[in-house]
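Peer 1: Sharing a structure below in C-alpha cells format, with a few things to ask.
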Amino acid sequence: AKAQGRANYQFYSEELNRSAMARLDLERKLRNAAAGGEFELWYQPQYRACDGQAIGVEALLRWRHPQDGLIPPDRFIPICEDNGMILDIGRWVMEKACAQLASWRNAGLAPLRMAINVSARQLRDTRIIDLLRAQIERHGIGPGELEFEVTESSVMERPDEAAFILGRIKALGVSLAIDDFGTGHSSLAYLKRFPLDRLKIDRSFVSDIEHDCNDAAIVSAAISLAHGLGLEVVAEGVESAVQWAQLKALGCDELQGYHFSRPLPAEQLEPLLRAALNL
Ligand code: C2E
Ligand code: CA
Ligand code: CA
Ligand code: CA
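Heads up: the sequence shown runs through residues 425 to 703, numbered per the UniProt record's numbering.
Okay, structure coming up:
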C-alpha cells in the first residue's frame, strides 16, 4: 500500500507539474499577446424577441496565437483575472468596443447597443471610471449605447464596493446587465442593491428548455422576477426556432445564440447587421 501511495503521489506531482508548466507557458505567451496584437474582438448580435430585430451586440474576446491558433476565452481569462493582466486586456476591450460602436453608428447601423464583459477584478479598480468617461467623450457615446455585463458572483465578492462603482458607471449612462443569471449566487437580494437594467438568463437553462419543464419553469419565474423589478431579460444560447418561440411565449425580451448568429469578426458581422436593418 505504501508503494502504491508513493506511486500515486508521484503520479499526482507529475500531473501538477505538467499543469503548472502549461500554465506558466500560457502566462508567458499571454504577456506577448497584447504587445503582438494577438487579441481580437468578435461580436455576437442580440435580437428583440417579438420581431427578430437586431438591437445590439455582445463583444467577445478572442486570442489568435501564431502557433496554437484560436484560444477560447475560458482558457485564458481566468488566468488573466488571477495575475491582474485582465486590467490591461479589459481596457483594450473597452477601447476597441467603443471605437467599433462609433464606427458602426457612423456607418448608419444605429441604433445598436454594445455589451462588454467586465470581470470582478476590473470593478475593484476605480480607474475604470476615468477610462470609461474618456471613451464616452471621445466617441460621443450616448446613454444606453454601451452596456457592461457582470456576473452575480463577481459583484457579490465585495458587494459594497461593487454597488459604489456600478452606481458611478451607471451615472455615465452605461447600462448594466447581470450575466449568467441563475448560476452564481443563491441569494436574490443583490438584485435590488445594484442599478441593473437587464438580466441574462444562462445558457444552461435555455439549452433544453423545450424538453425540460423544470428549465421552462425556472426561465418563466426568472422573467417574472426580472419584469417585476423593472428589468429586461435576454436569453443566452438560443440554438433553435423552437427555443425562440418558447422564450417569446414566456415573455423574454431579447435573444442571443447560434440560431441567429455565432460571434463574428466585425467585417463579417456587418453585412448581417445591414440585412437585419434592411439597409
Ligand atoms: P459569456 O459572457 O457567458 O458569453 C457567452 C458565451 O456563449 C460565448 O462564449 C459565446 O460564444 C457562447 N455562445 C453564444 N451563443 C451560443 C449558443 O447558442 N450555444 C452555445 N453553446 N454557446 C453560445 P465565448 O466567446 O467562448 O466566451 C466565454 C466566456 O469568456 C464569456 O461567457 C465571458 O465570461 C468570457 N469573456 C469573453 N470575452 C470577454 C471579455 O472581453 N472580458 C471578460 N472579462 N470576459 C470575457
Ligand atoms: Ca456575457
Ligand atoms: Ca453569459
Ligand atoms: Ca458564461
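Glycine is no exception: its CB is placed at the ideal position from the N, C-alpha and C atoms.
1. Determine the burial state of E691: buried for a count of at least 16 other Cβ atoms within 10 Å of its Cβ, exposed for fewer.
2. Taking the Cβ atom as the reference point for each residue, do I540 and V517 lie within a distance shorter than 8 Å?
3. How big is the Cα-Cα spacing for G681 and Q470?
4. Does the separation of the CB atoms of H489 and A526 fall below 8 Å?
5. Using the beta carbon as the reference atom, which residues fall closer than 5 Å to any heavy atom of ligand 2, ordered along the chain?
6. Can you tell me whether A581 sits near ligand 1, meaning its C-beta is under 7 Å from at least one heavy atom of the ligand?
7. Identify, in the order they occur along the chain, each residue of the same chain with its Cβ nearer than 6 Å to the Cβ of L547, setting aside the five sequence neighbours on each side.
8. Suppose contacts are defined by Cβ-Cβ distances below 8 Å. Is I633 in contact with D626 by that definition?
9. Since F500 is in the alpha helix (DSSP H), which residue starts that stretch and which ends it?
10. G566 by DSSP, collapsed to three states: which one?
11. Quick one: give me the first and last residue of the alpha helix (DSSP H) that D639 is part of.
12. Tell me, to the nearest whole angstrom, how far the beta carbon of L623 is from that of A646; I am working on the premise that it is less than 8 Å.
13. Note the first and the last residue of the continuous alpha helix (DSSP H) segment covering V657.
14. Please confirm if the segment 590 to 600 is in contact with the segment 612 to 623, defined as three or more CB-CB distances below 8 Å between the two stretches.
15. Could you tell me whether the Cβ atoms of C676 and A665 are closer together than 8 Å?
16. Using a threshold of 7 Å, is the CB atom of P496 nearer than that to any non-hydrogen atom of ligand 1?
17. Just how far apart, CA to CA, sit E482 and M538?
18. Short check: CB of E519 to CB of Q559, under 8 Å?
19. What separation, rounded to the nearest whole angstrom, lies between the Cα atoms of L484 and P497?
20. Take residue 397 and list the residues in its own chain whose beta-carbon comes closer than 6 Å to its own, dropping the five residues that flank it on each side.
21. Any heavy atom of ligand 1 closer than 7 Å to the beta-carbon of I501?
22. In terms of alpha-carbon separation, which member of V542, R582, E439, C522 lies closest to residue 770?
23. Between which two residues does the beta strand (DSSP E) carrying D626 extend?
24. Please identify the residue among K453, G532, Q477 whose C-alpha is closest to the C-alpha of Q491.
25. Tell me F572's beta-bridge partners as DSSP assigns them.
26. Can you name, in chain order, every residue of its own chain whose Cβ lies under 8 Å from the Cβ of Q670, other than the five neighbours on each side?
27. Report the rounded CA-to-CA distance for A544 versus A531, giving the unit in angstroms.
Peer 2: Per the coordinate set shown:
1. exposed
2. yes
3. 8 Å
4. no
5. N541, E573, D603
6. Before going further, note that residue 581 is Glu rather than Ala in the sequence given. Because no heavy atom of ligand 1 lies under 7 Å away, the Cβ of E581 does not count as near it: no.
7. A586, I589
8. no
9. 497 to 507
10. coil
11. 637 to 652
12. 7 Å
13. Where V657 is concerned, there is no enclosing alpha helix (DSSP H), although the beta strand (DSSP E) it sits in stretches over 656 to 659.
14. yes
15. no
16. yes
17. 6 Å
18. yes
19. 8 Å
20. Lying outside 425 to 703, the shown extent of the chain, residue 397 is not represented and no answer is given.
21. yes
22. Only positions 425 to 703 of the chain appear in the structure, and residue 770 is not among them; the question remains open.
23. Run containing D626: none; DSSP gives neither H nor E here.
24. K453
25. I540, L600
26. I633, E634, A640
27. 33 Å
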